[in-house]
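Below: one structure, written as structure tokens.
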Amino acid sequence: MQHKLYIHNTLNRQKELFEPLNEPFVGMYVCGPTVYGDPHLGHARPSITFDILFRWLRYSGYKVRYVRNITDVGHLEHDADEGEDKIAKKARLEQIEPMEVVQYYTIRYHNAMNALNVLPPSIEPRASGHILEQMEYVQKIIDNGFAYESEGSVYFDVEKYNQKHHYGILSGRNIEEILENTRSLDGQSEKRRSVDFALWKKASPEHIMRWQSKWSDGFPGWHLECSAMGQKYLGERFDIHGGGMDLIFPHHECEIAQSVASLGHSTVRYWMHNNMITINGQKMGKSLGNFITLDEFFTGSHSLLTEAYSPMTIRFFILQAHYRSTLDFSNEALMASQKGFLRLVEAYERLQKIVPSKETSVEIKDWNTLCMDAMNDDLNTPIVISHLFDAAKTINTVYDGKGTLSETDLNMFKAVFRTYMIDILGLKTEQGDSKYLDSYKKAIDLILTLRLEAKQNKNWALSDKIRDELASYGFVVKDTKDGFEWSL
RNA sequence: GGUUCCUUGACCGAGAGGCUAGGUAGCGGUCUGCAAAACCGUCGACAGCAGUUCGAAUCUGCUAGGAACCUCCA
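Residue numbers (our numbering): 752 to 1239.
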């Protein structure tokens, strides 16, 4: 395997050479969505980021097991206060089962991911299907003395843990100061310290998902599922754990504490975190209510959007920024991505039509190596895209008749686009390829061939009529030197 | 208040000591029956101040502005 992939490890905040534990196998775990709402643009970022990593690792020759969970436990409560909301009201009236909510939004999530051309993970475990594993995990932490029971709930003893290990290793926090400050504050609560977190929580009456345990009727703590399921499917040590930056603390910090408390050592070697998507400079998030759902993008049904944006435009938009940078959303930025992506797609389509010559007369670069280097540098997709644009420019020159390409070089172009644009970046150029579509394309080609004849006869009235009519149906007709191109 | 980080041209964004990405928009041209596309050229930036250096967008310090996390969040 010839690879020198460097990835940014949150543990020490620098790029490190990626060396898997058991080459050629790679285990990666990514925090998936909590399925209680429609997926929004923010959800698309980790999915796409780690989809890229998944694809790149596989392309590099690894055998990857990619686990991404569905969180369907812990957040679901009866919304007693939001009485005026029509949907909530209806849900209450119809007595919807929590699993119906889970089912509904899981399907919505999968549909959106599918549209974005995000490959399904190898395993997609659900928290609700791993209650036993989580209970065992809790018991192990109790047995090792790092948790205590209190009124039916079980809490992780952060102070005790921190005496032997470093709680805060991932987020760069010094918990001792916090411990000093909070020691006297919370005597009445069932938790000993405010920093302690729940491993098992006794269910209050409004909690509708609950399981029997030796401690209480309740449900597992929020951080536990990832530890338990990661260990179950990837082992006591595995390579990569990913998620959004907002999960670093407390979620991933707690995961580390849990696995160390249970196993005596940490599980994950490389922690990777994608940055946030912002809107007007502020994080797009569920709690802030400033999110736009993926469906709203696909249909254009949001006041901030002037039109509908295809899933591939969204994907391209996200890949034009590095995953560790914030990405500021605006309709204007999205329009720029849409046009840019179209430019690449058109270049790719033209590439298929270029006839090879004996010699290459244009300047070419080793784009394959350039793209590979960019990917190996912590998945620098914006650089890969800039190389594709560079190559596209050359393709256009040749297509324009201002240069030639030999068969070897032409094949190199095709391979680069095929590999990087289609396979690695996952940017589909075709929206579909049914028989209907094929026939319909031929019909349009026929009409435009007739128009070409009209043009040759200088029948401008007819040729303009065809173009204008087609335009009114949404087609864009472009004349080339000796033919035409069209798109919708 | 604590921890971490950011500020690049009209907009979105790479880069991380000299080689000053890329896209979108703008401007000028070539091509064209017209239009569009394409191609060529062009405009235009490193928040401010001070320092280190032969040389700084890139390193250091200060100032201003902003963000994330510290509660669920991708």
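Glycine included, every Cβ here is placed at the ideal spot set by N, Cα and C.
Contacts around residue i, its chain only, beta-carbon distance under 6 Å, and the 5 residues preceding and following it disregarded
{"i": "Ala1008", "result": "Tyr912 and Tyr918"}
{"i": "Pro784", "result": "His794 and Tyr860"}
{"i": "Ala863", "result": "Pro790 and Leu1045"}
{"i": "Trp1118", "result": "His1138, Ala1142 and Val1167"}
{"i": "Arg877", "result": "Ile821 and Asp823"}
{"i": "Phe769", "result": "Leu756 and Ile758"}
{"i": "Val905", "result": "Val889, Ala898, Leu950, Trp951 and Trp966"}
{"i": "Thr1180", "result": "Val1096 and Tyr1099"}
{"i": "Val1019", "result": "His992"}
{"i": "Arg1218", "result": "Val1228"}
{"i": "Asn1307", "result": "Given a span of 752 to 1239 for the chain in the structure shown, any question on residue 1307 remains unanswerable."}
{"i": "Glu1158", "result": "Pro1107"}
{"i": "Gly938", "result": "Unreliable positioning characterises Gly938 in this predicted model, as indicated by a pLDDT of 48, which lies under 50. The coordinate reading is nonetheless provided below. Counting only Cβ-Cβ distances below 6 Å, and skipping sequence neighbours, we find nothing."}
Where residue i falls, given that 16 or more other Cβ within 10 Å makes a residue buried
{"i": "Leu1055", "result": "exposed"}
{"i": "Leu1201", "result": "exposed"}
{"i": "Lys1109", "result": "exposed"}
{"i": "Ala1098", "result": "buried"}
{"i": "Ser1112", "result": "exposed"}
{"i": "Val1227", "result": "exposed"}
{"i": "Gly1225", "result": "exposed"}
{"i": "Ile847", "result": "exposed"}
{"i": "Trp1211", "result": "exposed"}
{"i": "Lys953", "result": "buried"}
{"i": "Ile990", "result": "At residue 990 the sequence reads Asp, which differs from the Ile that was named. Asp990 is buried by the Cβ-count criterion."}
{"i": "Pro956", "result": "exposed"}
{"i": "Thr1145", "result": "buried"}
{"i": "Glu908", "result": "One detail in the question is off: residue 908 reads as Asp in this sequence, not Glu. Under this definition Asp908 is a buried residue."}
{"i": "Arg1066", "result": "buried"}
{"i": "Ile838", "result": "Low per-residue confidence applies at Ile838: pLDDT is 47, beneath 50, and the placement is therefore not dependable, though the value from the model is reported in the following sentence. Its Cβ having fewer than 16 others within 10 Å, Ile838 is exposed."}
{"i": "Leu1188", "result": "exposed"}
{"i": "Met1082", "result": "The amino acid at residue 1082 is misidentified as Met; the sequence shows Asn. Result: exposed."}
Contacting residues, own chain, Cβ-Cβ under 7 Å from residue i (five flanking each side not counted)
{"i": "Tyr810", "result": "Asp1174 and Ile1175"}
{"i": "Asp802", "result": "Val869, Leu870 and Gly1177"}
{"i": "Cys1122", "result": "Val1135, His1138, Val1167 and Tyr1171"}
{"i": "Ser1013", "result": "Tyr888, Lys891, Ile892 and Asn895"}
{"i": "Gly903", "result": "Lys953, Trp966, Ser967 and Gly969"}
{"i": "Leu1221", "result": "Val1228"}
{"i": "Asp832", "result": "Here Asp832 scores only 38 on pLDDT, less than 50, and its place in the model is too uncertain to base an answer on."}
{"i": "Gln1071", "result": "Ser1088, Pro1133 and Ile1136"}
{"i": "Arg1094", "result": "Ala1143"}
Delimiting residues of the beta strand (DSSP E) encompassing residue i
{"i": "Asp990", "result": "Phe989 to Gly995"}
{"i": "Ile1028", "result": "Ile1028 to Ile1030"}
{"i": "Glu941", "result": "Where Glu941 is concerned, there is no enclosing beta strand (DSSP E), given that its DSSP letter is neither H nor E."}
{"i": "Glu1140", "result": "Here residue 1140 is Phe; the residue named in the question, Glu, does not match the sequence. Element bounds for Phe1140: not the beta strand (DSSP E) but the alpha helix (DSSP H), Thr1132 to Tyr1150."}
{"i": "Ser904", "result": "Ser904 to Phe907"}
{"i": "Asp1230", "result": "Val1227 to Asp1230"}
{"i": "Asn1025", "result": "Val1019 to Asn1025"}
{"i": "Trp951", "result": "Phe948 to Lys953"}
{"i": "Trp1237", "result": "Phe1235 to Ser1238"}
{"i": "Lys814", "result": "Lys814 to Arg819"}
{"i": "Gly969", "result": "Gly969 to Pro971"}
Terminal residues of the alpha helix (DSSP H) in which residue i lies
{"i": "Asp1046", "result": "Leu1045 to Thr1050"}
{"i": "Trp807", "result": "Leu792 to Tyr810"}
{"i": "Leu1154", "result": "In the sequence as displayed, the identity of residue 1154 is Gly instead of Leu. Neither: Gly1154 is in no alpha helix (DSSP H) and is coded neither H nor E."}
{"i": "Gln765", "result": "Gln765 -> not in any alpha helix (DSSP H); beta strand (DSSP E) instead, spanning Gln765 to Leu768."}
{"i": "Asn760", "result": "Unbroken run through Asn760 is the beta strand (DSSP E), Tyr757 to Asn760; no alpha helix (DSSP H)."}
{"i": "Met779", "result": "It is not in any alpha helix (DSSP H) - Met779 instead sits in the beta strand (DSSP E) that spans Phe776 to Val781."}
{"i": "Tyr709", "result": "Lying before the first or after the last residue shown, residue 709 is absent from the chain, which here runs from 752 to 1239."}
{"i": "Glu1006", "result": "Glu1004 to Leu1014"}
{"i": "Ser1223", "result": "Trp1211 to Ser1223"}
{"i": "Asp1124", "result": "Trp1118 to Asn1127"}
Nonlocal neighbours in the same chain, by C-beta distance under 8 Å from residue i, ignoring five residues either side
{"i": "Ile1043", "result": "His791, Leu792, Ile1030, Met1035, His1053, Leu1055, Leu1056 and Phe1080"}
{"i": "Leu1239", "result": "Gly1225, Phe1226 and Val1227"}
Check: residue i C-beta below 8 Å from any heavy atom of the ligand COA
{"i": "Leu870", "result": "No copy of the ligand COA occurs in the structure displayed, which carries no ligand at all."}
Assess, as a yes-or-no matter, whether the segment 1123 to 1143 is touched by the segment 1067 to 1079 under the definition of 3 or more beta carbon pairs within less than 8 Å.
The segment 1067 to 1079 vs the segment 1123 to 1143: in contact.
Taking one C-beta from the segment 974 to 983 and one from the segment 1002 to 1020 each time, how about it: are there three or more such pairs within less than 8 Å?
yes
With contact counted as at least three CB pairs below 8 Å, one residue from each stretch, are the segment 1079 to 1095 and the segment 892 to 912 in contact?
no
Touching or not, the segment 813 to 826 and the segment 863 to 879, by the rule of three or more beta carbon pairs under 8 Å?
yes
Which runs of the beta strand (DSSP E) at least 3 residues long sit entirely within the segment 1041 to 1097? Give them in chain order.
1078 to 1080
Counting beta carbon pairs with one atom in the segment 879 to 887 and one in the segment 990 to 1004, are three or more of them shorter than 8 Å?
At 8 Å Cβ cutoff, the stretches do not touch.
Contact between the segment 769 to 783 and the segment 1035 to 1044 (3+ Cβ pairs under 8 Å)
no
Which ranges does the alpha helix (DSSP H) cover as unbroken runs of at least 4 residues, wholly within the segment 841 to 908, from first to last along the chain?
849 to 866 and 882 to 894
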